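In the numbering used here, each number is its position in the sequence shown, counted from 1, plus 37.
Right, one structure below, let's go through it.
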Amino acid sequence: MKTLLLAVLPLIPFEKPLDTVEPSAHPTHDGEIRVTILFDNYAADERLRTGWGFAALLETPDHTILFDTGADGEALLENFRLLGKDPMEVEAIVISHAHGDHTGGMQALFDLGLRPSLYLLEGFPEEMRSSAAASLTMIEASPGQEIAPGIRTTGQLGTDIPEQALILDTQDGIVLLTGCAHPGVVQMIEGAQAVSARPLHLVMGGFHLMNASGAELEVILGDFRRLGVEQVGATHCSGDLTMSTFQAAYGESFRPLGAGRTLSFPLPS
Numbered sequence: 038m039k040t041l042l043l044a045v046l047p048l049i050p051f052e053k054p055l056d057t058v059e060p061s062a063h064p065t066h067d068g069e070i071r072v073t074i075l076f077d078n079y080a081a082d083e084r085l086r087t088g089w090g091f092a093a094l095l096e097t098p099d100h101t102i103l104f105d106t107g108a109d110g111e112a113l114l115e116n117f118r119l120l121g122k123d124p125m126e127v128e129a130i131v132i133s134h135a136h137g138d139h140t141g142g143m144q145a146l147f148d149l150g151l152r153p154s155l156y157l158l159e160g161f162p163e164e165m166r167s168s169a170a171a172s173l174t175m176i177e178a179s180p181g182q183e184i185a186p187g188i189r190t191t192g193q194l195g196t197d198i199p200e201q202a203l204i205l206d207t208q209d210g211i212v213l214l215t216g217c218a219h220p221g222v223v224q225m226i227e228g229a230q231a232v233s234a235r236p237l238h239l240v241m242g243g244f245h246l247m248n249a250s251g252a253e254l255e256v257i258l259g260d261f262r263r264l265g266v267e268q269v270g271a272t273h274c275s276g277d278l279t280m281s282t283f284q285a286a287y288g289e290s291f292r293p294l295g296a297g298r299t300l301s302f303p304l305p306s
């Protein structure tokens, strides 16, 4: 059973909605959104520590956002260091869902003195929503809410395991970044399309299909085609069969991921 984040921290009020984050002091290259996988159970860079979980760093010309925090704070911080990234530049953390393999690194970041805006969902457990340092800004994410220019959330999808994903606006269409896709990856795509009518350039992240059969994957592949998904990058809880199936179907339009992988997307002109 996956665990929830249970930090012993003071209770603070939950606010909604608030302004987006302030600009980063160290922006990335002009005109791009960069997504770097910081924590994963697969490695693109063999120097990095791996483990069951997921975290991705999003960098725009003016902002730095962390999507999920992996399962292990020590490993997360080591991967920051090995990739030459400064965790203190993170202005906002968006948590996809309340499982420990996506929240486990938060406390290590707080222990550094990081006090980011924290985007959670109304459906998250109360003990998680109330477990944050007194100086944190807590924001209840809503559908289409802007985290930073070019980065929005789907808002809450699903009820049994509420989850949100990120929508990145790029020159080629939207990129959907998922943590685990517990509500169903097809349902996550449809949730993103309810927010944005732009072409779906790439769906990437955890698809929660590690137990799916070949026949089930063929149905899901058909849904991806029907929904106009141009490229796919599956990792974390997607499963080896899922990754090989999608890679065979998408060919050069399959984007390998894993800890250490960076994908860059031009911003709309």
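Backbone N, C-alpha and C define an ideal beta-carbon position, used for all residues, glycine too.
Bear in mind the structure is a predicted one, so any value in this text is a computation, not a measurement.
Among the options, which one has its Cα closest to the Cα of residue i?
i: I102; options: L151, C217, L194; result: L151
i: P180; options: E164, E159, S167; result: E159
i: G270; options: P98, M143, P124, A296; result: A296
i: P249; options: Q268, S281, R235, H238; result: First, the amino acid is wrong: residue 249 is Ala here, not Pro. The shortest Cα separation from A249 among Q268, S281, R235, H238 belongs to S281.
i: Q208; options: T196, H219, Q230, H238; result: H238
i: E177; options: Q201, T196, D197, G195; result: Q201
i: T194; options: P220, T140, R71; result: Inspection of the sequence shows that residue 194 is occupied by Leu rather than by Thr. Checking every option, the nearest Cα to that of L194 belongs to P220.
i: S233; options: A145, R189, E267; result: R189
i: Q268; options: L94, G276, G187, L294; result: L294
i: P199; options: M125, V131, N116, A135; result: A135
i: R71; options: G187, D260, A231; result: G187
i: L94; options: R298, R86, Q144, L85; result: R298
i: G88; options: L173, P305, L304, I74; result: I74
i: E83; options: L119, T97, Q182, G90; result: L119
i: G90; options: L173, T140, P124; result: T140
Do you know offhand how far residue i's Cα is from residue j's?
i: E10; j: A81; result: The structure shown has nothing for residue 10, since the chain only spans 38 to 306.
i: G265; j: Q224; result: 14 Å
i: V157; j: I226; result: The sequence shown places Leu at residue 157, rather than the Val named in the question. Spanning the two alpha carbons is a distance of roughly 20 Å.
i: G307; j: V222; result: Outside the displayed span of the chain (38 to 306) sits residue 307, for which this structure offers no information.
i: L258; j: A285; result: 11 Å
i: G121; j: A92; result: 16 Å
i: I204; j: R166; result: 23 Å
i: V256; j: G68; result: 37 Å
i: D197; j: S133; result: 14 Å
i: H273; j: G243; result: 5 Å
i: R262; j: F283; result: 11 Å
i: S301; j: E164; result: 36 Å
i: I211; j: L149; result: 33 Å
i: G276; j: R292; result: 15 Å
i: E115; j: E126; result: 15 Å
i: A145; j: M247; result: 29 Å
i: G107; j: P236; result: 29 Å
i: Q182; j: V131; result: 12 Å
i: F147; j: E96; result: 20 Å
i: P305; j: A231; result: 20 Å
i: P303; j: Y287; result: 22 Å
i: T113; j: L173; result: Looking at the sequence provided, one finds Leu at residue 113 rather than Thr. Near 20 Å, if we compare the C-alpha coordinates of L173 and L113.
i: D123; j: Y79; result: 22 Å
i: E59; j: D206; result: For E59, the pLDDT reaches just 42, beneath the cut-off of 50, and the residue's location in the model is therefore unreliable, although a value from the coordinates is still provided. Those two C-alpha atoms are separated by around 19 Å.
i: L85; j: M175; result: 30 Å
Are the beta-carbon atoms belonging to residue i and residue j less than 8 Å from one another?
i: G216; j: D77; result: no
i: P153; j: A129; result: yes
i: L278; j: M241; result: no
i: A218; j: T191; result: no
i: A185; j: H100; result: yes
i: G110; j: G142; result: yes
Along the alpha helix (DSSP H) that carries residue i, what are the first and last residues, could you check?
i: H139; result: 137 to 140
i: R189; result: No alpha helix (DSSP H) holds R189; the beta strand (DSSP E) holding it covers 188 to 190.
i: T282; result: 277 to 287
i: L149; result: No alpha helix (DSSP H) contains L149, which DSSP labels as neither H nor E.
i: M165; result: 163 to 166
Give the range of the beta strand (DSSP E) segment to which residue i is assigned.
i: E183; result: 183 to 185
i: M175; result: 174 to 177
i: L155; result: 154 to 157
i: S301; result: 299 to 303
i: A129; result: 129 to 131
Length-filtered (3 minimum) beta strand (DSSP E) runs lying within the stretch 205 to 270:
Runs of the beta strand (DSSP E) inside the stretch 205 to 270: 210 to 215, 237 to 243.
What runs of the alpha helix (DSSP H), each 4 residues or longer, lie entirely inside the stretch 68 to 112?
For the stretch 68 to 112, not a single whole alpha helix (DSSP H) run of length 4 or above is found.
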